[in-house]
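Asks: Mapping to the numbering used here: the sequence shown position 47 is 47, numbers consecutive.
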Amino acid sequence: MTIGSSSVVESVEAPEARTEPARLTAEEAAALARGAGLEELGVRPGLVGYAREVWGYRHLVWHLSSAQAWATNQNNHLGQLWAVLNPLLLVGSYYLIFGLLLKTRGGTSNYIAFLTIGIFVFGYSASAIIAGSRAVVGQIGLVRALRFPRAVLPISVTLTQFLVNVPAFAVLMVMIPLTGEPFSPHWLLFPVALVFQSLINLGLAFYLARVVNTARDSANLVPVGVRLARYVSGVFFSIPHYAGYGLVSALLLYQPLAVSMTTAREALMDQYPLTWGSWVAAAAWGVGLSITGIVFFWRGEGRYGSN
1 MTIGSSSVVE SVEAPEARTE PARLTAEEAA ALARGAGLEE LGVRPGLVGY
51 AREVWGYRHL VWHLSSAQAW ATNQNNHLGQ LWAVLNPLLL VGSYYLIFGL
101 LLKTRGGTSN YIAFLTIGIF VFGYSASAII AGSRAVVGQI GLVRALRFPR
151 AVLPISVTLT QFLVNVPAFA VLMVMIPLTG EPFSPHWLLF PVALVFQSLI
201 NLGLAFYLAR VVNTARDSAN LVPVGVRLAR YVSGVFFSIP HYAGYGLVSA
251 LLLYQPLAVS MTTAREALMD QYPLTWGSWV AAAAWGVGLS ITGIVFFWRG
301 EGRYGSN
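1) Starting from the C-beta of Val295, find all residues in its chain whose C-beta is less than 8 Å away, skip the five residues before and the five after it, and write them out in chain order.
2) Helix, strand or coil: which one does DSSP assign to Thr2?
3) Among Ala284, Val54, Gly286 and Thr158, whose alpha-carbon lies nearest the alpha-carbon of Ser65?
4) Roughly how many whole angstroms lie between the Cα atoms of Val164 and Ser127?
5) Taking a contact to mean a Cβ-Cβ separation below 8 Å, would you say Ser278 touches Val248 in this structure?
6) Is it buried or exposed, Phe122, if we count other Cβ atoms within 10 angstroms and call 16 or more buried?
7) Identify, in the order they occur along the chain, each residue of the same chain with its Cβ nearer than 6 Å to the Cβ of Thr262, setting aside the five sequence neighbours on each side.
8) Does the separation of the CB atoms of Val222 and Leu208 fall below 8 Å?
9) Check for me: the alpha helix (DSSP H) holding Val136 runs from which residue to which?
10) Any contact between the stretch 80-92 and the stretch 128-148? By contact I mean 3 or more CB pairs, one from each, below 8 Å.
11) What are the start and end residues of each continuous alpha helix (DSSP H) run of 4 or more residues lying completely inside the stretch 46-86, in chain order?
12) Excluding sequence positions up to five away, which residues of its chain have a Cβ less than 6 Å from the Cβ of Gly293?
13) Does DSSP classify Tyr124 as helix, strand or coil?
14) Which stretch, first to last residue, makes up the alpha helix (DSSP H) that contains His241?
15) In whole angstroms, what is the alpha-carbon distance linking Ser290 and Gly92?
16) Look at the alpha carbon of Gln255 and the alpha carbon of Ala281, and state the distance between them as a whole number of angstroms.
17) Take the Cβ of Arg58 as the centre, count every other Cβ of all protein chains shown within 10 Å, and call the residue buried at 16 or more, exposed below.
18) Please work out which residues of its chain come closer than 8 Å, Cβ to Cβ, to Tyr95, disregarding the five sequence neighbours upstream and downstream, and give them in chain order.
19) Which two residues bound the contiguous alpha helix (DSSP H) that contains Ala284?
20) So Ile140 and Gly305 are in contact, right, with Cβ under 8 Å, and what is the actual spacing, rounded?
21) Less than 8 Å separating the beta-carbons of Gly106 and Phe236?
22) With a threshold of 8 Å on Cβ separation, who are the neighbours of Pro240 within its own chain once the five nearest residues in sequence on each side are excluded?
23) Tell whether a beta-carbon distance below 8 Å holds between Val84 and Val171.
24) Pull up the distance between the alpha-carbon of Arg210 and that of Gly180, whole angstroms please.
25) Under the three-state reduction of DSSP, which class applies to Gly107: helix, strand or coil?
26) For Phe183, tell me which candidate among Gly56, Ala267 and Ala215 has the shortest Cα-Cα distance.
27) Just to check my reading of the structure: Val212 and Ala219 have Cβ atoms closer than 8 Å, yes? What is that Cβ distance to the nearest angstrom?
28) Any heavy atom of the ligand ATP closer than 7 Å to the Cβ of Ala145?
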């Protein structure tokens, strides 16, 4: 009995000892993930690579912007007509208040054209800046669900506002000769003025989108700032006529929103000859704000949607 028990015990093989595979270091794991085409979330890429990545999304930006622009005002009975009616109603209201009651027509020989250009051009900047400030927080669900360069959002919003305002600019080109302004080759510079203005709007959208994403309450201050800018940028009065030609006047004239209206008026109004200073300032503001803006926005990449 003892011998039999011993043979049974001897016939049972001892289990083999398990050996765990060597653990990868963090650097080795990261290299393995990169080799498999995976990318780490929440990490800011290099600026040049980031710019290339944004460029790769250009078709998405266009389709998204055009769809959003078309959807604007679609729930209203008059649809896209409101893109034209809104600035026209503002022109009538501002002319009644500032042109007739307050008599701010000094320094302008064609106040209706002056006021119309100011309202249409400033309206584009106002809508782009306000919408651009909420470009990230307004799409927070998309930001948290999908991985893409977040700079796509301010670019898309700025392009959307441009497309929304295209019908208004077309009406502006019809209205200006009706106010008595003669046709001029300078009119061909109006699209150039819009390009500079769009770059300015884009740069401001980059800055404000990151600020609002960091401090959500600051979104309530953006419309207040835009409203203040409306009253100091020469939308409905001539800055040199009322502020003179000193330092204060120069600061008001050459700030980004005012210089956008100045270049548009120089392109479309006979009273305002082309000046190198205005166009160089508009180009400098446009290029400078758009480049520094995307750098500022890029430095926050990886934190959007995390708070």
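Where a beta carbon is used, it is the ideal one built from N, C-alpha and C, also for glycine.
Replies: Let me lay it out:
1) Within the sequence shown, residue 295 is the residue found at index 295, counting from 1. Once the five neighbours on either side are set aside, the close Cβ partners of Val295 are Leu47.
2) For the purposes of this step, residue 2 is taken as the residue at position 2 of the sequence shown. For Thr2, the predicted model reports a pLDDT of 48, less than 50, meaning its position is unreliable and no value from the coordinates is stated.
3) For this step, residue 65 is matched to residue 65 along the sequence shown. Minimum Cα distance to Ser65 is reached at Thr158.
4) Here residue 164 refers to the residue found at position 164 when the sequence shown is read from its first residue. Here residue 127 refers to the residue found at position 127 when the sequence shown is read from its first residue. Using only the alpha carbons, I get a separation of about 10 Å.
5) Here residue 278 corresponds to residue number 278 of the sequence shown, with the count starting at 1. Here residue 248 corresponds to residue number 248 of the sequence shown, with the count starting at 1. Not in contact: Ser278 and Val248 (Cβ atoms no closer than 8 Å).
6) Translated into positions along the sequence shown, residue 122 becomes position 122. Buried: at least 16 other Cβ atoms inside 10 Å.
7) In the sequence shown, residue 262 corresponds to position 262, counting from 1. Within the same chain, Thr262 has close Cβ partners Ser278.
8) Translated into the one-based positions of the sequence shown, residue 222 becomes position 222. Translated into the one-based positions of the sequence shown, residue 208 becomes position 208. It is a contact, given that the beta carbons lie within the stated cut-off.
9) What you label residue 136 is simply residue 136 of the sequence shown in a count that begins at 1. Element bounds for Val136: n/a, residue is neither H nor E.
10) no
11) 47-56 and 58-71
12) In the sequence shown, counting from the first residue as 1, residue 293 sits at position 293. Counting only Cβ-Cβ distances below 6 Å, and skipping sequence neighbours, we find Gly203, Phe206 and Tyr207.
13) Counting from one through the sequence shown, the residue named residue 124 turns up at place 124. The answer is helix: DSSP assigns Tyr124 an H, G or I state.
14) As a position in the sequence shown, residue 241 is number 241, starting the count at 1. Where His241 is concerned, the enclosing alpha helix (DSSP H) stretches over Ile239 to Ala243.
15) Residue numbering aside, residue 290 sits at position 290 when the sequence shown is read from its first letter. Residue numbering aside, residue 92 sits at position 92 when the sequence shown is read from its first letter. The alpha-carbon atoms of Ser290 and Gly92 are separated by roughly 34 Å.
16) Sequence index remark: in the sequence shown, residue 255 carries index 255 (1-based). Sequence index remark: in the sequence shown, residue 281 carries index 281 (1-based). Looking at the two C-alpha atoms, the distance is approximately 9 Å.
17) Locating residue 58 in the sequence shown gives position 58, counting from the first residue. Per the 10 Å Cβ criterion, exposed.
18) By 1-based counting over the sequence shown, the position of residue 95 is 95. These residues qualify, in order along the chain: Tyr111, Ile112 and Leu115.
19) For this step, residue 284 is matched to residue 284 along the sequence shown. Run containing Ala284: Trp276 to Trp298, per the alpha helix (DSSP H) assignment.
20) Within the sequence shown, the letter at position 140 stands for residue 140. Within the sequence shown, the letter at position 305 stands for residue 305. Yes, they are in contact, since the Cβ atoms of Ile140 and Gly305 sit about 6 Å apart, within 8 Å.
21) On the sequence shown, position 106 is the one that residue 106 refers to. On the sequence shown, position 236 is the one that residue 236 refers to. No.
22) Reading the sequence shown from its first residue, position 240 is the one you call residue 240. Answer for Pro240: Gly107, Ser249 and Leu253, listed in chain order.
23) Taking the first residue of the sequence shown as position 1, residue 84 is located at position 84. Taking the first residue of the sequence shown as position 1, residue 171 is located at position 171. Cβ distance < 8 Å, so Val84 and Val171 count as in contact.
24) Here residue 210 corresponds to residue number 210 of the sequence shown, with the count starting at 1. Here residue 180 corresponds to residue number 180 of the sequence shown, with the count starting at 1. Whole-angstrom Cα-Cα distance: 44 Å.
25) Reading the sequence shown from its first residue, position 107 is the one you call residue 107. Coil, per DSSP.
26) Residue 183 sits at position 183 when you count from the first residue of the sequence shown. For Phe183, the nearest C-alpha among the options comes from Ala267.
27) By 1-based counting over the sequence shown, the position of residue 212 is 212. By 1-based counting over the sequence shown, the position of residue 219 is 219. Between Ala219 and Val212 the Cβ distance is about 5 Å, and since that is below 8 Å, they are a contact.
28) The ligand ATP is not part of the structure shown, which contains no ligands of any sort.
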